[in-house]
Structure formats: structure tokens, C-alpha cells
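See structure below.
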Amino acid sequence: KRLWRIGTGEFTDSLAFDDLTNLSSRLIPYFTKKKNAVLELKTKTANISNLLTFKPKGKIVVSWSLNAEKIVRHEEYDTAPLRERIQAARTCQQRGYKIGFHFDPILYYPGWQRDYQHVIDLIFKNIKPQNIAWISLGCFRFIPSLKPIIEQRFPKSTFICDEFIKGLDGKMRYIKPLRIHIYTQMFDWIRSHNSNVFIYLCMESAEVWRRSFGFTPHTFGGLSKALDRQVFP
1 KRLWRIGTGE
11 FTDSLAFDDL
21 TNLSSRLIPY
31 FTKKKNAVLE
41 LKTKTANISN
51 LLTFKPKGKI
61 VVSWSLNAEK
71 IVRHEEYDTA
81 PLRERIQAAR
91 TCQQRGYKIG
101 FHFDPILYYP
111 GWQRDYQHVI
121 DLIFKNIKPQ
131 NIAWISLGCF
141 RFIPSLKPII
151 EQRFPKSTFI
161 CDEFIKGLDG
171 KMRYIKPLRI
181 HIYTQMFDWI
191 RSHNSNVFIY
201 LCMESAEVWR
211 RSFGFTPHTF
221 GGLSKALDRQ
231 VFP
């Protein structure tokens with residue numbers, strides 16, 4: 001009787017090598033037969049050719065990790081351009097897939113408002129709100145030991161040099177007022193397009209939820225139950 005939301009793509013891209021592994025061709029038929037399970041595939045690619053050969057039957061969410069075009073060009077090496085990701089989402093939507101979007105990590109820099117609002121405008125220009133399962137938001141955060149690795153592997157990246165504080169979870173984060181400001185702006189931009197799309201925060205406290213959105217996950221019975229309602233009739 002339990003409901004299962006199986007999420008992939010947390011540690012690697014779900015579709016980057018799908019044309020080689022054909023893994024989705026095994027997973028999608030399996031999940032379309034399950035009444036109590038939904039699969040989420042997360043990607044930064046436009047590698048969706050295998051997905052177009054199936055009918056998802058409401059059991060597959062294809063999600064894209066999105067960022068401002070500036071970040072995609074300068075930080076997300078060897079990934080699909082922003083517009084290609086949006087077009088891939090639009091194509092999957094037409095095939096009957098539920099669509100998800102993840103803004104994580106959101107990076108703060110001069111002009112971030114214009115750039116991120118542009119991405120949100122692109123989403124709603126191409127994707128019907130009723131086909132969006134969820135949109136998640138999460139600001140840039142990292143464990144302290146990751147900083148020297150980033151500095152060594154990506155010496156041209158400057159975002160690691162911004163001002164961070166150690167949070168209660170031990171991760172380095174933007175200060176709380178800045179995170180709340182970013183989330184509030186993103187929330188308002190999304191709501192200006194649609195009042196029903198489900199939006200949630202990644203790894204943030206109830207206080208940040210309340211000050212950013214005006215409510216907490218407890219308002220709708222907890223985040224897990226709220227996400228279930230987005231994909232299970």
C-alpha cells in the first residue's frame with residue numbers, strides 16, 4: 001500500500017549516457033506497470049531519444065536541472081545549453097511525460113535577478129503549468145572539504161570565493177537573509193506565471209520556508225506527502 005517516488009540523478013546525470021546504456025528503456029516499461037510507484041529522471045542534457053519511444057502513463061517525471069545562461073556557459077561544462085534543455089522538456093511534455101525543474105544550485109552574483117527571471121519566463125513560455133510536477137529551489141552550498149577540490153579542478157570559477165557561513169548541517173551556505181531574499185524572488189516570479197505549480201525548497205529549515213514562502217511543509221502534511229500528491233491521483 002506504500003507509495004514510492006524513486007528519484008535518480010542525485011550523484012550523476014540520469015540521461016547523459018542513456019544513448020549508450022539504454023537504461024531508460026529498461027526502467028520506463030517497468031515503472032509504467034506499477035500502480036504505486038513513480039520514477040524521476042534528472043538531467044542537464046537533451047538526450048531524450050529513448051524516452052520518445054514510450055508512453056509514460058503518468059508514471060515517469062523527467063526533470064531538468066536549470067540555471068542562468070551565464071552559469072550554464074561558464075560553470076556547467078559539457079552540458080546541454082539552456083534552450084536545448086527547455087526544448088527537450090517541451091518535447092517530453094508533448095509525449096505525455098510529467099516535467100520537473102530543479103534550480104539547484106542557485107548562484108548569487110550581480111545581475112542574477114534578470115538572468116534567473118529569464119529562465120522562469122522561458123519555462124512558462126514552453127511548458128504548460130498543468131504538466132509541471134514540481135519546481136525545486138536550493139542555493140549553492142557545499143561541505144568545507146570540497147572547496148580546495150573546486151579550486152584545483154576549476155581554477156577559473158569564482159563563486160567559491162563568495163561569502164559563506166557554516167550552517168547547522170556543517171555545509172557552507174550564503175547567509176540566511178540572502179537565501180530568503182533569493183527564494184522570495186524566485187517564488188514570486190513563478191507565481192506571477194501560475195498560482196498552482198508546486199514549489200519546494202531543498203535542505204532548508206522551516207523558518208526559511210516560512211519567511212520565503214509564507215508557509216512550511218507542515219502546512220500540507222509534510223513535504224513527502226505533498227510530492228506524492230503531485231504524481232499520484
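Here the sequence shown stands for residues 1 to 233, numbered as in the numbering used here.
Every residue gets a Cβ at the ideal spot worked out from N, C-alpha and C, and that includes glycine.
Given the structure is predicted, the values throughout are model-derived calculations rather than measurements.
The Cβ neighbour count for residue 188, taken over all protein chains shown within 10 Å, is under 16; the residue is labelled exposed. Taking the C-beta atoms as reference points, residue 66 is found nearer than 8 angstroms to residue 85. Counting other Cβ atoms within 10 Å of its Cβ, residue 43 reaches 16 or more and is therefore classed as buried. Of the residues assessed, residue 141 falls on the buried side of the cut-off, its CB having 16 or more other CB atoms within 10 angstroms. Taking the Cα of residue 75 as reference, the smallest distance to any Cα among 150, 168 and 51 is reached at 150. Contact between residue 180 and residue 208 is confirmed by a C-beta separation of about 6 angstroms, below the 8 angstroms threshold. By the criterion of a C-beta distance shorter than 7 angstroms, residue 223 is surrounded in its chain by 200 and 217, once the five residues flanking it on both sides are discounted. By the criterion of a C-beta distance shorter than 6 angstroms, residue 155 is surrounded by no residue of its chain, once the five residues flanking it on both sides are discounted. When secondary structure is reduced to three states using DSSP, residue 186 falls in the helix class. Between the alpha carbons of residue 147 and residue 161 lies a gap of roughly 9 angstroms.
Between residue 27 and residue 39, the beta carbon gap of about 6 angstroms places them in contact (Cβ cut-off 8 angstroms). Our two residues, residue 98 and residue 133, have alpha carbons roughly 6 angstroms apart in a direct line.
With a beta-carbon spacing of about 6 angstroms, residue 37 and residue 6 fall inside the 8 angstroms limit used to define contacts.
Per the C-alpha coordinates, the member of 178, 108 and 51 positioned closest to residue 94 is 51. Bounds of any beta strand (DSSP E) do not take in residue 85; it lies within the alpha helix (DSSP H) bounded by 82–95. For residue 151, the enclosing alpha helix (DSSP H) begins and ends at 146–153.
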